[in-house]
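Taking my numbering, I'd label the letters of the sequence shown as residues 3 to 53.
Yeah, the Cβ is synthetic: ideal placement off N, Cα and C, and Gly gets one too.
To keep things clear, I will list the structure first and then write my remarks on it.
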Amino acid sequence: MRKLQLLKQIDKLSSLLHSSDLEELNLTAGTISEMREKLDILTEEYIECYC
(Lines of atoms letter the chains of each structure in order from A; the text may use other names.)
(Lines give C-alpha, C1' and ligand atoms only; values in the text may rest on other atoms or scores of the structure.)
Protein backbone atom coordinates (compact mmCIF):
# COMPACT_ATOMS: atom_id res chain seq x y z
CA MET A 3 0.00 0.00 0.00
CA ARG A 4 2.75 2.47 0.92
CA LYS A 5 4.50 1.67 -2.35
CA LEU A 6 1.51 2.82 -4.38
CA GLN A 7 1.12 5.95 -2.27
CA LEU A 8 4.76 6.86 -2.79
CA LEU A 9 4.49 6.30 -6.53
CA LYS A 10 1.37 8.47 -6.74
CA GLN A 11 3.00 11.28 -4.76
CA ILE A 12 6.15 11.11 -6.86
CA ASP A 13 4.13 11.11 -10.07
CA LYS A 14 1.96 14.08 -9.08
CA LEU A 15 4.83 16.20 -7.82
CA SER A 16 7.03 15.34 -10.78
CA SER A 17 4.24 16.11 -13.24
CA LEU A 18 3.66 19.48 -11.65
CA LEU A 19 7.34 20.41 -11.51
CA HIS A 20 7.86 19.48 -15.15
CA SER A 21 4.70 21.05 -16.56
CA SER A 22 4.34 24.37 -18.29
CA ASP A 23 1.59 25.20 -15.76
CA LEU A 24 4.25 25.75 -13.11
CA GLU A 25 5.04 29.17 -14.55
CA GLU A 26 1.37 30.17 -14.41
CA LEU A 27 1.05 29.37 -10.71
CA ASN A 28 3.30 32.28 -9.72
CA LEU A 29 5.14 30.24 -7.10
CA THR A 30 8.22 31.67 -5.46
CA ALA A 31 11.63 30.21 -6.18
CA GLY A 32 11.72 29.04 -2.55
CA THR A 33 8.47 27.14 -2.92
CA ILE A 34 9.63 25.47 -6.12
CA SER A 35 12.88 24.55 -4.40
CA GLU A 36 10.97 23.01 -1.50
CA MET A 37 8.85 21.02 -3.94
CA ARG A 38 11.99 19.70 -5.65
CA GLU A 39 13.49 18.77 -2.28
CA LYS A 40 10.31 16.90 -1.35
CA LEU A 41 10.40 15.05 -4.67
CA ASP A 42 14.01 14.05 -3.98
CA ILE A 43 13.08 12.83 -0.50
CA LEU A 44 10.14 10.78 -1.77
CA THR A 45 12.25 9.31 -4.56
CA GLU A 46 15.04 8.36 -2.17
CA GLU A 47 12.52 6.77 0.19
CA TYR A 48 11.06 4.73 -2.66
CA ILE A 49 14.48 3.59 -3.82
CA GLU A 50 15.57 2.63 -0.30
CA CYS A 51 12.42 0.62 0.37
CA TYR A 52 11.63 -0.99 -2.96
CA CYS A 53 14.75 -1.23 -5.12
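Please identify the residue among E26, L19 and L6 whose C-alpha is closest to the C-alpha of M37. L19
Local conformation of C53 per DSSP, three classes: coil
Specify the secondary structure class of S22 as computed by DSSP and reduced to three states. Judged by DSSP in its simplified three-state form, S22 adopts coil rather than helix or strand.
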